[in-house]
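Visitor: Below is the structure I would like to discuss, written out as structure tokens.
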Amino acid sequence: MSKDSARVGVLMGSDSDWEKINGVAKALDEFNVGYEIHVMSAHRTPDKVLEYAATAKSRGIQVIIAAAGGAAHLAGVVASHTTLPVIGIPVKTEMMGGLDSLLATVQMPGDVPVATVGTGSGGARNAGILAVQIMALSDPTLAEALEKFKLKLVDKIAAKDAAFQEKLNS
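Using the working numbering, read the sequence shown as starting at 87 and increasing by one per residue.
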């Protein structure tokens with residue numbers, strides 16, 4: 087998506103995280119929501135993170151999604167430097183399977199909220215959809231697209247149930 091039309095900022099602590107979180111981009115693409123993606127580290131490039139978070143709103147960003155593993159402080163550091171909603175994606179790690187990342191992302195002190203999704207590919211997809219839901223509060227086009235999305239989910243599961251029932255009965 088073009089940076090000029092970016093409404094969502096996606097940050098990841100390492101470029102190796104992309105394989106684990108690219109579902110966020112796929113979800114945003116489904117709703118035609120522009121985004122930008124950057125690699126930055128709360129620990130290795132703290133000044134860059136601060137500058138990004140502090141200037142995001144003035145550049146048209148409405149929601150920031152931050153993905154990190156292990157100590158996973160990226161979302162919290164971003165949230166401390168902006169009034170925009172921040173969604174944290176805890177990236178799965180080899181050490182604890184993502185539990186370390188989840189706890190680091192979800193255990194924010196009072197007054198510095200970070201909405202946290204689950205680890206794994208479902209979490210990344212949910213981060214994108216949650217960003218769309220937040221923006222849909224003030225965007226009727228996105229709100230309508232979400233309504234259609236929910237209806238498609240109902241149809242999708244009904245079709246799966248029908249196929250399963252047919253399989254059981256044959």
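All C-beta atoms in this analysis are idealised placements derived from N, C-alpha and C, irrespective of residue type, glycine included.
Here the structure is a predicted model, which means the values were calculated and not measured.
Within the same chain, show all residues whose beta-carbon is closer than 6 Å to that of M126, passing over the 5 residues directly before and after it, in chain order.
Guide: Numbered from its first residue, the sequence shown carries residue 126 at position 40. Contacts found: L97, K134, V135.
Visitor: Can you give me the start and stop residues for the beta strand (DSSP E) that L188 sits inside?
Guide: Along the sequence shown, read from residue 1 onward, the residue named residue 188 stands at position 102. Premise fails: L188 lies in the alpha helix (DSSP H), 185-192, not in any beta strand (DSSP E).
Visitor: Name the one or two DSSP bridge partners that Y121 has.
Guide: As a working mapping, residue 121 is identified with position 35 in the sequence shown. DSSP output for Y121 lists V94 as bridge partner(s).
Visitor: What is the DSSP secondary structure of E252, counted as helix, strand or coil?
Guide: Locating residue 252 in the sequence shown gives position 166, counting from the first residue. Here E252 sits in helix by DSSP.
Visitor: Do you know offhand how far A152's Cα is from L239's?
Guide: Numbered from its first residue, the sequence shown carries residue 152 at position 66. Numbered from its first residue, the sequence shown carries residue 239 at position 153. Distance between the alpha carbons of A152 and L239: 27 Å.
Visitor: Report the three-state DSSP secondary structure of D101 (helix, strand or coil).
Guide: Your numbering for residue 101 matches position 15 in the sequence shown. D101 falls in the helix class under three-state DSSP.
Visitor: Could you tell me if L178 is buried or exposed, where buried requires 16 or more neighbouring beta carbons within 10 angstroms of its beta carbon?
Guide: Within the sequence shown, residue 178 is the residue found at index 92, counting from 1. Looking at the sequence provided, one finds Lys at residue 178 rather than Leu. Buried, since its Cβ has 16 or more Cβ neighbours within 10 Å.
Visitor: Leaving out the 5 sequence neighbours to the left and right, which residues in its chain are closer than 7 Å to L232 when beta-carbon positions are compared?
Guide: What you label residue 232 is simply residue 146 of the sequence shown in a count that begins at 1. These residues qualify, in order along the chain: V218, Q219, A222.
Visitor: Can you round the beta-carbon distance between P176 and A158 to whole angstroms, since I take them to be within the 8 Å contact cut?
Guide: Taking the sequence shown and counting its residues from 1, the one referred to as residue 176 is at position 90. Taking the sequence shown and counting its residues from 1, the one referred to as residue 158 is at position 72. Indeed, because the Cβ distance is near 6 Å, the residues count as touching under 8 Å.
Visitor: Taking D186 as the reference, which of K246, V163, K106, A154 has the closest Cα?
Guide: As a first step, residue 186 is located in the sequence shown; it is residue number 100 there, counting from the start. Comparing Cα positions, the closest option is A154.
Visitor: For E116 and F250, what's the separation of their Cα atoms in angstroms?
Guide: Residue numbering aside, residue 116 sits at position 30 when the sequence shown is read from its first letter. Residue numbering aside, residue 250 sits at position 164 when the sequence shown is read from its first letter. Distance between the alpha carbons of E116 and F250 is about 27 Å.
Visitor: Within 8 Å, do at least three Cβ pairs link the segment 209-218 to the segment 102-116?
Guide: Counting Cβ pairs under 8 Å, three or more are found: they touch.
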